[in-house]
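Q:
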Amino acid sequence: MIPKNVVKWLLESENPSVRYRTLVELLGCSFADFDVQTCKNQITASLPVKILLGKMHPDGFWLQKNPRTGKVVGDGVVYGAFGTTHFCLSYLAELGMDRSHPQITKAAERYLQLQKMDGDFYGHFSCLLGYNIRTFTMLGYKDDPRVKRSIDLLLNTKRLDGGYLCDIHEGKYKTKSVKSCIRGSVKTLLAFSYFPEYWNHDRIKHLVHYFLFRDGIFKSTKLMELVNKDMERNSFPIAWRANVFEILLALGRMGYGKDRRLERAWKLLDVKRDAKGRYQLDWTPRQSPWRIGKRNTSNKWITFYAYLAYKCK
152 MIPKNVVKWL LESENPSVRY RTLVELLGCS FADFDVQTCK NQITASLPVK
202 ILLGKMHPDG FWLQKNPRTG KVVGDGVVYG AFGTTHFCLS YLAELGMDRS
252 HPQITKAAER YLQLQKMDGD FYGHFSCLLG YNIRTFTMLG YKDDPRVKRS
302 IDLLLNTKRL DGGYLCDIHE GKYKTKSVKS CIRGSVKTLL AFSYFPEYWN
352 HDRIKHLVHY FLFRDGIFKS TKLMELVNKD MERNSFPIAW RANVFEILLA
402 LGRMGYGKDR RLERAWKLLD VKRDAKGRYQ LDWTPRQSPW RIGKRNTSNK
452 WITFYAYLAY KCK
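Residue numbers (my numbering): 152 to 464.
#1: Here's the rule I'm using: 16 or more other beta-carbon atoms within 10 Å means buried, otherwise exposed. How should S181 be labelled?
#2: What is the DSSP secondary structure of Q215, counted as helix, strand or coil?
#3: Quick check on the burial criterion: 16 or more other C-beta atoms within 10 angstroms. Buried or exposed for H237?
#4: What residue does the alpha helix (DSSP H) around I355 start on, and which one ends it?
#5: Nearest by alpha-carbon distance to N166: which of S439, Q188, L198 is it?
#6: Contact defined as beta carbons within less than 8 Å: I believe I194 pairs with S164. What is the distance between those atoms, to the nearest angstrom?
#7: Suppose the cutoff is 7 Å on Cβ atoms and the five residues either side in sequence are ignored; what does the same chain contact list for D410 look like?
#8: Report yes if the CB atom of T448 is closer than 7 Å to the CB atom of R429, and no otherwise.
#9: L316 and S331 - do their beta-carbons sit closer together than 7 Å?
#10: Check each candidate in G313, R170, K464, G281 and name the one with the smallest Cα separation from R392.
#11: Measuring CB atoms only, is the segment 267-274 touching the segment 238-249, in the sense that at least three cross pairs come out at less than 8 Å?
#12: Sort out for me which residues DSSP pairs W441 with in a bridge.
#13: Check whether the Cβ atoms of L419 and V395 sit closer than 7 Å, and answer yes or no.
#14: CB I153 to CB Y456, shorter than 7 Å?
#15: Report all residues from its chain with a CB closer than 6 Å to the CB of D433; omit the five preceding and five following residues, and keep chain order.
#16: Have a look at I443 and P388 and give me their C-alpha separation to the nearest angstrom.
#17: Per DSSP, what kind of secondary structure is V224 in: helix, strand or coil?
#18: Hey, quick one: how far does the alpha helix (DSSP H) through L279 stretch, first residue to last?
#19: Do you know offhand how far F343's Cα is from R170's?
#20: Leaving aside the five residues before and after W452 along the sequence, list all residues of the same chain whose C-beta is less than 7 Å from its C-beta, in chain order.
#21: Going by beta-carbon coordinates alone, are F265 and R297 separated by less than 7 Å?
#22: Consult DSSP for Y171 and reduce its assignment to one of helix, strand or coil.
#23: For R285 and L341, what's the separation of their Cα atoms in angstroms?
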């Protein structure tokens with residue numbers, strides 16, 4: 152299903168992280184495969200990883216200064232724009248790093264110690280909770296009780312429409328209920344796509360319905376309108392914005408990829424593919440210490456995720 156020229160492009164040696172994840176996740180190679188092990192060993196010495204680990208504070212966190220206020224954050228749960236601790240841990244997970252590296256373990260353990268007893272990290276931000284669950288799962292903490300605590304918090308957080316919303320937005324209208332946040336709902340959906348044991352849980356089936364009810368990426372009350380502008384552009388690294396490929400990948404993993412209600416979402420992903428079978432990066436945060444490519448050019452990470460979504464369809 153993946154064009155041979157695209158596979159060849161993704162497997163180029165200049166990006167061992169994309170090559171590694173293509174071999175394992177797209178082509179299904181064994182972790183014991185020689186090429187897989189070679190790529191894995193090259194990741195630690197790759198430029199993006201060296202830059203990220205080089206910016207880490209010796210005590211295991213990443214700091215960032217707010218250019219407007221001058222305040223420095225990152226040593227606690229308060230975060231900055233795409234460059235503080237939980238973002239950098241996510242970037243390293245995307246790159247193929249895990250807890251086997253001592254610096255990753257140090258930073259991950261320090262951040263997890265900031266978790267509250269109910270499993271929350273900061274303000275019951277659903278996007279942050281989902282994001283962190285996915286990050287720590289990718290880093291090798293899937294069975295950690297602290298990850299389970301965050302999962303339990305999300306499973307016990309119920310909303311009428313089936314989505315998720317940050318506490319700061321709850322009850323802001325006096326005469327009507329507040330709709331769930333598509334971005335927070337996407338992050339939680341993507342996180343739970345890594346946990347088949349919860350797919351039949353009533354709360355997760357309700358979350359899936361939240362997306363299928365809107366044909367995946369549209370407004371629930373206006374099915375001819377995209378839910379927001381995030382759906383119009385491919386963004387990376389995966390952060391708090393949402394992508395069409397994130398939604399389709401998660402729903403595909405969970406067994407809903409061929410649901411007829413998602414047909415228009417798949418068509419939108421189709422039209423984003425260029426004549427060479429590649430996908431373009433439309434937006435990436437300039438504040439991120441991980442430089443993943445220029446905007447408005449073909450991008451290996453976007454292409455990888457688009458085809459991963461198709462594989463799971």
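From the three backbone atoms N, C-alpha and C, an ideal C-beta is built for every residue, glycine too.
A: The relevant details are as follows:
#1: Its Cβ having fewer than 16 others within 10 Å, S181 is exposed.
#2: DSSP places Q215 in strand when its eight states are reduced to three.
#3: Under this definition H237 is a buried residue.
#4: Element bounds for I355: 353-363.
#5: Looking at the Cα atoms, L198 is the closest of the given residues.
#6: Between S164 and I194 the Cβ distance is about 12 Å, and since that is not below 8 Å, they are no contact.
#7: Cβ within range, chain order: L363.
#8: For the 7 Å CB-CB criterion, T448 and R429 do not form a contact.
#9: Contact annotation: S331 and L316 have beta-carbon atoms nearer than 7 Å.
#10: It is G281 whose Cα lies nearest to the Cα of R392.
#11: No, the segment 267-274 does not touch the segment 238-249.
#12: The secondary-structure analysis by DSSP pairs W441 with nothing; it has no beta-bridge partner.
#13: Cβ atoms of L419 and V395: closer than 7 Å.
#14: No.
#15: R384, N385.
#16: So the two alpha carbons sit approximately 8 Å from each other.
#17: Correct three-state label for V224: strand.
#18: From DSSP, the alpha helix (DSSP H) with L279 extends over 277-287.
#19: Their backbone Cα atoms lie some 25 Å apart in a straight line.
#20: Closer than 7 Å at Cβ, skipping near neighbours: V169, F387, I443.
#21: The identity of residue 265 in the sequence shown is Leu, whereas the question assumes Phe. Not a contact, by the Cβ cut-off of 7 Å.
#22: Three-state result, Y171: helix.
#23: Answer to the nearest angstrom: the Cα atoms are 7 Å apart.
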